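Take a look at the structure below.
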Amino acid sequence: MRYTLSGASLVPMGDALLSGKYDAGSSGARVEEFRYQELVFIGLNVCALGFIALIHLAFAHWVSATRSVLVYVLLLSRMSEQGIEAYLLWRRVFALTKRGAATYSFVSLCANTAFAFTVSILSETDEAHFIALLMVPLIQACFRYRLRTVIAVALMAMVLNFLELWTFYYLHPKAFPTHKPLEHQFELATMALIYPFVGILVHILVQRTVKYADDSRRMLDDLRATQRHLLEKEKLAAVGQLVNVISHELRHPVAVVTNALDAALRKGDASDPERQFIGLAAVESKRLDKLTKDLLTFAQPKEPQKKPTSARLTLTYVRDLLAAQLPAEGPRIDVACDEDFDIEIDPFQMHQALLNLGINAINYTEPGGRVLLGADRAADCANLFVENSGSPIPDEIAERIFEPFYTTRQEGSGLGLAISRKIAESHGGGITLAANKPGQVRFVVSVPL
42 MRYTLSGASL VPMGDALLSG KYDAGSSGAR VEEFRYQELV FIGLNVCALG
92 FIALIHLAFA HWVSATRSVL VYVLLLSRMS EQGIEAYLLW RRVFALTKRG
142 AATYSFVSLC ANTAFAFTVS ILSETDEAHF IALLMVPLIQ ACFRYRLRTV
192 IAVALMAMVL NFLELWTFYY LHPKAFPTHK PLEHQFELAT MALIYPFVGI
242 LVHILVQRTV KYADDSRRML DDLRATQRHL LEKEKLAAVG QLVNVISHEL
292 RHPVAVVTNA LDAALRKGDA SDPERQFIGL AAVESKRLDK LTKDLLTFAQ
342 PKEPQKKPTS ARLTLTYVRD LLAAQLPAEG PRIDVACDED FDIEIDPFQM
392 HQALLNLGIN AINYTEPGGR VLLGADRAAD CANLFVENSG SPIPDEIAER
442 IFEPFYTTRQ EGSGLGLAIS RKIAESHGGG ITLAANKPGQ VRFVVSVPL
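For the sequence shown, this note's numbering begins at 42 and goes up steadily by one.
Here it is in structure tokens:
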């Protein structure tokens with residue numbers, strides 16, 4: 042059984058949880074990295090507890106070691122508790138949420154600090170050195186918090202050092218070194234300075250290490266994205282060469298067949314029963330002719346002849362083209378362009394790109410629905426969009442929707458959206474599925490202003 046550890050009252054843990062930038066307002070914790078780090082800190086704490094206990098047991102006759110049975114019981118209990126905690130973390134018995142990990146981190150730091158101070162007080166000696174256990178929460182803070190928090194933890198450790206000594210002398214006034222009253226305090230102050238120095242140094246090193254790790258991770262992500270892009274371009278280039286050869290070989294025979302069938306339809310007797318078969322063949326030959334033209338368009342994209350063009354006129358023209366192909370009970374087609382502005386495009390190519398998107402929208406919009414053509418401007422680009430009120434595209438289809446020859450319709454060629462993407466990219470822009478939810482499926486063509 043797994044349980045979820047969450048805490049709603051403490052600060053959320055963010056991307057910087059492990060980078061020394063963890064504080065209020067962060068988000069997106071690397072929980073698995075946190076789990077691994079916490080196992081390391083628990084191991085460090087257990088080793089420190091065990092080492093100090095063994096030192097005091099081994100040298101009890103030569104140094105001022107603690108003889109308090111309660112202290113050793115507490116040490117053994119804490120080591121056992123930490124072992125159980127490590128086992129639960131390692132076995133993932135409870136699932137850490139981002140906020141739960143923040144709570145866990147804060148509680149762990151407080152528990153380590155409180156235990157170090159408590160066991161040092163209970164040791165009943167001014168040289169027990171259990172206060173050195175404060176180094177563990179300090180290192181935790183270096184990995185989990187910002188510099189100001191690290192400094193606060195270091196100062197708290199220094200204060201607890203002096204407080205532990207003063208508490209001991211208050212409870213045992215006869216042990217106060219009257220012959221050299223300041224010597225012990227001076228020695229303690231010198232040792233206490235280790236906390237801020239170690240805290241700041243470790244924090245800086247952690248910051249630099251994580252920065253390099255983040256940079257490396259970003260570079261790796263960029264390299265992977267570039268590799269995918271190159272593989273896709275290589276694949277498309279190979280497909281384009283094959284399509285180019287096939288379409289060229291098909292174009293002339295298809296044109297001959299189409300013209301011959303049209304001539305037969307014009308000359309044939311209207312009552313001839315074979316005329317319907319000739320008509321069917323003519324329809325299919327025209328569909329094949331359109332396919333060969335689409336193949337050529339995809340395989341041999343032309344360089345766009347850009348010129349300043351009205352965004353509103355572009356959308357209105359495409360709307361009229363779509364209206365001419367609209368079924369009798371088709372959806373309503375509207376244009377939304379509140380602000381007219383010019384964009385540098387090849388009008389013919391952009392008409393084709395938007396027309397393909399519009400036809401696709403009509404095919405997937407129920408009767409009585411709506412297809413919307415619109416445009417707006419961003420800081421450095423213009424967005425032309427085609428939106429329909431149909432059902433959302435399934436995720437497995439949306440991932441491949443711009444691939445050439447990928448289609449879910451029996452009569453489709455799978456080239457319409459691929460051609461639209463090529464046109465958008467040839468203009469220095471791109472095409473995205475910007476919205477995909479019930480009642481709103483929107484494709485956006487972005488071109489530079």
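Beta carbons are placed, not taken as given, at the ideal position from N, Cα and C, and that holds for glycine. Since the structure is predicted, the reported quantities are computational estimates derived from the model, not experimental observations.
Closer than 8 Å to chain C by CB, residue i
i	result
Tyr-211	In the displayed structure, chain C is absent; only one protein chain is listed.
Nonlocal neighbours in the same chain, by C-beta distance under 8 Å from residue i, ignoring five residues either side
i	result
Ile-442	Ile-434, Leu-458, Leu-474
Phe-156	Leu-115, Arg-119, Leu-174
Thr-495	Lying outside 42 to 490, the shown extent of the chain, residue 495 is not represented and no answer is given.
Ala-364	Ile-374
Spatial neighbours of residue i in its chain, beta-carbon cut-off 7 Å, leaving aside the 5 residues before and after
i	result
Tyr-358	His-392
Pro-388	Thr-350, Thr-355
Asp-381	Ser-351, Ala-352, Arg-353
Straight-line Cα distance separating residue j from residue i
i	j	result
Gln-366	Asp-262	44 Å
Asn-401	Asp-421	28 Å
Leu-22	Glu-466	Here the chain has residues from 42 to 490 only, and residue 22 is not among them.
Val-191	Ala-99	34 Å
Ile-162	Met-197	16 Å
Ala-423	Ser-487	6 Å
Leu-242	Val-177	15 Å
Asn-477	Thr-299	40 Å
Asp-256	Thr-154	34 Å
Arg-360	Gln-390	15 Å
Gln-481	Arg-450	20 Å
Pro-237	Lys-252	22 Å
Leu-85	Phe-92	10 Å
Helix, strand or coil at residue i according to DSSP, with G and I counted as helix
i	result
Asp-263	helix
Ser-68	Low local confidence applies: a pLDDT of 37 at Ser-68 is under 50, so the model's placement there is unreliable, with the coordinate-based value given in what follows. Ser-68: coil per DSSP, three-state reduction.
Ser-121	helix
Ile-442	coil
Ala-142	helix
Glu-126	helix
Thr-250	helix
Phe-100	coil
Cys-25	The structure shown does not extend to residue 25, since the chain spans only 42 to 490, so no value can be given for it.
Asp-417	strand
Gln-434	Looking at the sequence itself, residue 434 is Ile, so the reference to Gln does not match. Correct three-state label for Ile-434: coil.
Gly-399	helix
Leu-362	helix
Val-239	helix
Leu-137	strand
Pro-345	coil
Arg-187	coil
Leu-201	helix
Same chain, Cβ closer than 6 Å to residue i, five either side skipped, listed in chain order
i	result
Gly-469	Pro-489
Ser-146	Arg-185
Glu-428	Leu-413, Arg-483
Met-120	Val-87, Leu-90
Leu-116	Leu-90, Ala-94
Val-194	Leu-179, Ala-182
Arg-76	Leu-130
Val-485	Asn-424, Phe-426, Thr-473, Ala-475
Gly-48	Because Gly-48 carries a pLDDT of 36, less than 50, the predicted location of this residue cannot be relied on, and the following value inherits that uncertainty. For Gly-48, where only same-chain residues beyond five positions count, the Cβ hits under 6 Å are Arg-140, Gly-141, Thr-144.
Tyr-405	Gly-431
Arg-462	Phe-443, Ile-472
Beta-carbon separation (whole angstroms), residue i vs residue j, contact threshold 8 Å
i	j	result
Asp-436	Arg-411	Actually they do not touch by this definition, with Cβ atoms about 24 Å apart.
Ala-394	Ala-352	Not quite, the Cβ-Cβ distance comes to about 14 Å (not below 8 Å), so this is no contact.
Glu-122	Ile-172	Not quite, the Cβ-Cβ distance comes to about 20 Å (not below 8 Å), so this is no contact.
Proximity to residue i [Cα-Cα], best of the options
i	options	result
Gly-399	Asp-381, Arg-187, Leu-356	Leu-356
Ile-386	Pro-368, Arg-373, Lys-343	Lys-343
Ala-377	Thr-208, Arg-418, Val-194, Tyr-211	Arg-418
Leu-456	Gly-480, Asn-397, Gln-248, Pro-479	Asn-397
Phe-203	Ala-230, Phe-82, Arg-189, Tyr-211	Ala-230
Pro-214	Arg-249, Glu-165, Arg-189	Glu-165
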